[in-house]
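Chains as they are written, first to last, in the working numbering: chain Y, 8 to 418; chain F, 2 to 300.
Here a beta-carbon is modelled for each residue, glycine too, at the ideal position from N, C-alpha and C.
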């Protein structure tokens, strides 16, 4: 009897495999969407905005391994992104998503993350490569920003990609009567500006992970259509730099130490009951302070400086608001300031203090549907550099479209 | 022993959360009204939409995450109505009981006879904000509310077997009330039989079908696209040709496009809530349908 049943079951299994309905296979496909983000850009600086940002007093010269990494806009047409997004529930324990950022030079993995959906007591764990959830704007993809470019302090302190790293996160929704979310993250430490290990014989090798981040978000329950959220954050990690002091094209001194940043964020939103975004108001602000604390490990030109410290302290904030002044139309204003604190203690003991830079931006955008948006933005800033203050105008025309799965955005 | 005490503590917390009965969270207020009728005293019902907002365009606020956190049952309209904000709320709540596919997640559209399902071969976003699974505004048909009441009762019976009979009895009472009211509502709507109307958004097709009231055209040229002058001209022509007397819209839409059409044609603008709570007089599902019919009748 037994020997009769086994081949019969095997036969049904084979049948099922061979004649499986096509729809039963596609039903498990991940949600796929494509974001196309194009920008037309113009500015009037003498040497180019990306270069100017690297010359800004106190913020320049933090490049880790001498690699020129201009990620800013070029004048004329820019194909900023082609983002290919996949997401799905893995099983009843995990969900996962991945984003490939495709450019004309190739594809890179922007994020690839696995998140638990089954942990008890308000816990959630995440691993992979993902945007840190500190602050408000860091975890948002560039097409979700209300302005075409990122806040100045973010770009100067963390680079054009923000804090997006390989690592793990644990977060906890506290069982309090108000919304309180706490998170801890450990990352490899590969941020281009603040947290990097340079692989060179002149510097000690450090094994990862090299960066820890902690944050807390609090939201009081407001009546009606009002909502707000406030947060505090801090991060600390290892950092190494190599520099070319005499400009001959080869590195001649190397530094090793710890960097840190901390700050706060706040956002208020009014969601009007009216359709097409009319009457919706968002005001958000973030402040970030960073301290770099490095020691000279080796100096080919001035060996006497070995063992002395280089300490930098810089900060900045942005404050922005957007308002839906007509159905599908929004207007927005943003103020950026950096370098309210702007000091540098060089290894040779000289203390320098620099001034501040500011930028103000205005934008108007029109969203024909939830899947397309055209934005016009103008920015004007006074940037403090070694050669004095430079005033620069920038203009952006951005067209973003989304194809495929209809994504939802978090608060 | 240590583990045992942890388990006991957790069980005590979990039990205390349930001590006052089940927590039901519905996405829309009309679902909330039906769920409250079915749950009776055995559950607390909260709704994310109050009836005053367009449910397509909510944002996933921390407040909603707080509501979802302790929910035993999450009931949604489904058919992509809540697609712009539902999953960030469920993910953010870390409540694995209410994830799609779990017993604590009920898609109320499951057994509805869906209308306006776009043809898979021609569906495109060029058609506007169309929903691949069909038009999600099915609760404007009282017979769909009747079906949803039964589905909610069955799901509550599964989650809370001790009170299964109470849920079924409450649902039966709700259904009986619907059955009693249908002839009266149908009589009141007799004036609209084969008398076309205009609506702002394509949100009244289930109601119109139930009461035999054709909808000639919408003020929106395509779902989710605001009225354009060219399209409003077409609406004016349609209203004149078909001698249409009523333009029906939800309170959250601007009245200007309807006023423009009314000014040229003499049609009457009717603003009626589409969900419970959308008007002070629409306190539950029955008073909601009463109010819609009264407003259509010009009372």
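Going by DSSP, which residues form a beta bridge with residue 289(Y)? Residue pairing for residue 289(Y): DSSP places it in a beta bridge opposite 276(Y), 329(Y).
Considering only their Cβ atoms, is the gap separating residue 221(F) from residue 230(F) smaller than 8 Å? Cβ distance not < 8 Å, so residue 230(F) and residue 221(F) don't count as in contact.
Which residues in chain F have a C-beta closer than 8 Å to the C-beta of residue 299(Y)? List them in chain order. Here the premise fails: no neighbours, minimum Cβ distance about 34 Å.
Which residues does DSSP pair with residue 290(F) in a beta bridge? Bridge partners of residue 290(F): none, in fact.
Kindly indicate the opening and closing residues of the beta strand (DSSP E) around residue 233(Y). Counting along the chain, the beta strand (DSSP E) containing residue 233(Y) begins and ends at 233-250.
Can you name, in chain order, every residue of its own chain whose Cβ lies under 6 Å from the Cβ of residue 301(Y), other than the five neighbours on each side? Correct list, in chain order: 262, 264, 317.
If we ignore side chains and look at the alpha-carbon of each, how far apart do residue 75(F) and residue 87(F) end up? When rounded, the distance between both Cα atoms is 10 Å.
Check whether the Cβ atoms of residue 86(Y) and residue 111(Y) lie closer than 8 Å to each other. Between residue 86(Y) and residue 111(Y), the gap from beta carbon to beta carbon is short of 8 Å.
For residue 174(Y) and residue 134(Y), what's the separation of their Cα atoms in angstroms? Rounded to the nearest angstrom, the two C-alpha atoms are 6 Å apart.
Could you compute how far the alpha carbon of residue 335(Y) sits from the alpha carbon of residue 410(Y)? A direct Cα-Cα distance of roughly 19 Å separates residue 335(Y) from residue 410(Y).
Do you know how far the Cα of residue 253(F) is from the Cα of residue 199(F)? Computed Cα separation, rounded: 17 Å.
Among residues of its own chain, excluding the 5 on either side of residue 89(F), which ones have a beta-carbon nearer than 7 Å to its beta-carbon? Cβ within range, chain order: 61.
What in chain F is Cβ-close to residue 282(Y), meaning under 7 Å? Here the neighbours are 55, 58, 253, 254.
So which of 63(Y), 58(Y), 39(Y), 88(Y) has the shortest CA-CA distance to residue 46(Y)? Answer by Cα proximity: 88(Y).
Alpha carbon to alpha carbon, how far is residue 40(F) from residue 288(F)? Give it in angstroms, no decimals. One alpha carbon belongs to residue 288(F), the other to residue 40(F), and they sit about 19 Å apart.
Is the distance from the Cβ of residue 85(F) to the Cβ of residue 223(F) below 8 Å? No, the pair does not count as a contact, with Cβ atoms beyond the cut-off.
Run through chain F and tell me which residues come within less than 8 Å of residue 129(Y), C-beta to C-beta. Within 8 Å Cβ-Cβ: 70, 95.
If contacts are defined as beta-carbon pairs under 8 Å, then residue 152(F) and residue 111(F) qualify, I think. What distance do you get, rounded to the angstrom? Contact holds; Cβ gap of about 7 Å.
If we cut at 8 Å on Cβ distances, does residue 79(F) have a partner in chain Y? For residue 79(F), the nearest beta carbon of chain Y is not closer than 8 Å to its own beta carbon.
CB-CB under 7 Å to residue 37(Y), same chain, minus the five flanking residues each way: which ones, in chain order? The residues are 93, 94, 95.
Cβ-based neighbour list, residue 80(F), same chain, cut-off 6 Å, excluding 5 preceding and 5 following: So the list reads 110, 132, 134, 135, 137, once near-sequence residues are dropped.
Return the residues of the segment 320-335 of chain Y that lie within a Cβ-Cβ distance of less than 8 Å from chain F, sorted by chain order. Along the segment 320-335 of chain Y, going in chain order, the ones with a CB nearer than 8 Å to a CB of chain F are 334, 335.
Residues near residue 331(Y) by beta carbon distance below 6 Å, same chain, minus five either side: Cβ neighbours of residue 331(Y) within its own chain (closer than 6 Å, five residues either side excluded): 284, 285, 286, 287, 337.
Terminal residues of the continuous alpha helix (DSSP H) containing residue 145(F)? First-last of the alpha helix (DSSP H) with residue 145(F): 143-160.
So residue 364(Y) and residue 345(Y) are supposed to be a Cβ contact under 8 Å. How far apart are they, rounded? Between residue 345(Y) and residue 364(Y) the Cβ distance is about 5 Å, and since that is below 8 Å, they are a contact.
Within 8 Å (strictly less), CB to CB, does residue 2(Y) reach chain F? With chain Y represented from 8 up to 418, any question about residue 2(Y) goes unanswered, as that position is not in the structure.
Same chain only: Cβ atoms within 6 Å of residue 177(Y), ignoring 5 sequence neighbours per side: Closer than 6 Å at the Cβ level, and outside the excluded window around residue 177(Y), lie 132, 191.
Whole-number beta carbon distance between residue 202(Y) and residue 218(Y), since they are thought to touch under 8 Å: At roughly 5 Å, the Cβ-Cβ gap stays under 8 Å, so residue 218(Y) and residue 202(Y) are in contact.
Is any beta-carbon of chain Y found at less than 8 Å from that of residue 122(F)? No - not a single Cβ of chain Y is within 8 Å of the one on residue 122(F).
Helix, strand or coil for residue 248(F)? Go by DSSP, reduced to three states. Secondary structure of residue 248(F) (DSSP, three-state): strand.
Since residue 61(F) meets chain Y, which of its residues come closer than 9 Å, beta carbon to beta carbon? Residues of chain Y whose Cβ lies closer than 9 Å to the Cβ of residue 61(F) are, in chain order, 415, 416, 417, 418.
Selected residue, minimal CA-CA separation from residue 333(Y), among 371(Y), 270(Y), 350(Y): Ranking the options by Cα distance to residue 333(Y), first place goes to 371(Y).
Compare the Cα-Cα distances from residue 148(Y) to each of 168(Y), 246(Y), 136(Y) and report the closest residue. When only C-alpha atoms are compared, the closest one is 168(Y).
Within this structure, are the beta carbons of residue 245(F) and residue 268(F) separated by less than 8 Å? It is a contact, given that the beta carbons lie within the stated cut-off.
Buried or exposed: which applies to residue 97(Y), given that a residue is buried once 16 or more other Cβ atoms fall within 10 Å of its Cβ? A residue is called buried once 16 or more other Cβ atoms fall within 10 Å of its Cβ, and residue 97(Y), having fewer, is exposed.
Classify residue 124(Y) as buried or exposed, calling it buried when 16 or more other Cβ atoms lie within 10 Å of its own Cβ. When all chains shown are included, residue 124(Y) counts as buried.
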